[in-house]
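Take the sequence shown: its letter number 88 is residue 199 in the numbering used here, and every next letter is one higher. Below is one structure; the comments refer to it alone.
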Amino acid sequence: MGRLEETREAILDSAAAVLAANPRASLSDIATAASIGRATLHRHFSSRNDLVITLARASIQAIDAACAHIDYHGQSAADSLRETIEAIVPLGARYSFLAYQGEVLEDEQVRAELTRQVESVRALVEALKLEGGVGLDVPTAWVVATIDALIYAGWLEVHRKSIAARDVAGLVLRTITAGLGPRHPRSVRPDRVPAPTRC
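Okay, structure coming up:
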C-alpha cells in the first residue's frame with residue numbers, strides 16, 4: 112500500500128471513529144482526529160458526502176470479509192452470533208457508523224447492501240429465538256438494535272483498555288440471552304432453526 116492509500120485509509124479509520132460517536136461531526140472534526148489539515152482531507156474526498164459514502168462502502172466490504180469464514184449452516188445460532196460478534200468487534204466503529212449514520216441511506220447501492228446485512232442479522236436473531244436464546248415475545252428489531260449498541264460499546268471499551276477483546280463476544284451474548292431470554296426456557300427441534308446467510 113502506497114503513502115496516498117495509507118493516508119486515505121487512516122482518514123477513513125478516523126472518520127469512522129468520529130462519526131460513530133457523533134453522526135453530525137464536520138470535516139474539520141474528522142481532519143483534527145486524523146491529524147491532517149482540511150486541504151489534505153479535500154485532496155482525498157471532495158465533500159463530506161463523498162467521504163461518508165466511501166466509508167460506508169468500505170465498511171460494508173470489511174464486515175462481509177470479516178464474516179466470510181463463519182459457517183452459519185453448520186452450528187447453532189448462538190455460536191454463529193458469537194463468531195459474528197468476534198469478527199465485527201474490531202470493526203466496531205465502522206459497524207456503528209453504518210447503523211446510525213442516516214446519510215448513507217441516500218446512496219442506492221449502500222442502502223441495498225445494508226438491507227442485506229441487516230436481514231442476515233435479523234435471520235440470526237430469529238434462529239436464536241427458536242433455539243430458546245431470546246424470548247419469542249421480544250421484537251426482533253429491538254434485539255438487533257441492542258446488538259448494534261453492544262458491539263459499539265465493546266469496541267469502545269477495548270480501546271479504553273477496560274476489557275479484553277477476547278471477552279467481548281461472550282459478554283454481548285450473555286447480555287442478550289440473560290436480558291432478553293425467554294421467561295420460561297423451552298426446547299426447540301433443531302430442524303425448526305433457520306440458518307441465516309451472511310452477516
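Backbone N, C-alpha and C fix where the C-beta goes; we use that ideal spot for every residue, glycine too. All values derive from a computational prediction rather than experimental measurement.
Tell me whether the beta-carbon of residue i lies closer than 8 Å to the beta-carbon of residue j.
i	j	result
Ala280	Val229	no
Ile262	Tyr206	yes
Gln138	Arg149	Position check: residue 138 holds Leu in this sequence, whereas Gln was assumed. Going by C-beta atoms, Leu138 is nearer than 8 Å to Arg149.
Leu209	Ile171	yes
Val245	Ile196	no
Ala167	Val215	yes
Ile164	Val221	yes
How long is the line joining the alpha carbons of residue i and residue j, rounded to whole angstroms?
i	j	result
Asp125	Ala145	Here the sequence assigns Ser to residue 125, which means Asp is not the residue at that position. Distance between the alpha carbons of Ser125 and Ala145: 5 Å.
Leu192	Leu235	7 Å
Val304	His184	Unreliable positioning characterises Val304 in this predicted model, as indicated by a pLDDT of 45, which lies under 50. A coordinate reading is not provided.
Ala289	Trp253	15 Å
Ile274	His180	25 Å
Glu237	Thr151	46 Å
Leu130	Val269	18 Å
Arg114	His155	12 Å
Leu178	Gln186	According to the sequence displayed, residue 178 carries Cys and not Leu. Distance between the alpha carbons of Cys178 and Gln186 is about 15 Å.
Would you give the residue range spanned by the alpha helix (DSSP H) that residue i belongs to?
i	result
Glu242	Glu219 to Glu242
Gly290	Ala276 to Leu291
Ile199	Ala188 to Ile199
Tyr211	Gly203 to Tyr211
Gly265	Thr251 to His270
Ala142	Leu138 to Ala144
Here's the rule: buried if 16 or more other CB atoms are within 10 angstroms of the residue's CB, otherwise exposed. What is residue i?
i	result
Lys240	buried
Leu247	exposed
Ala256	exposed
Glu224	buried
Ala176	exposed
Gly243	buried
In three-state DSSP terms, what is residue i?
i	result
Phe156	coil
Ile174	helix
Val129	helix
Leu123	helix
Ile164	helix
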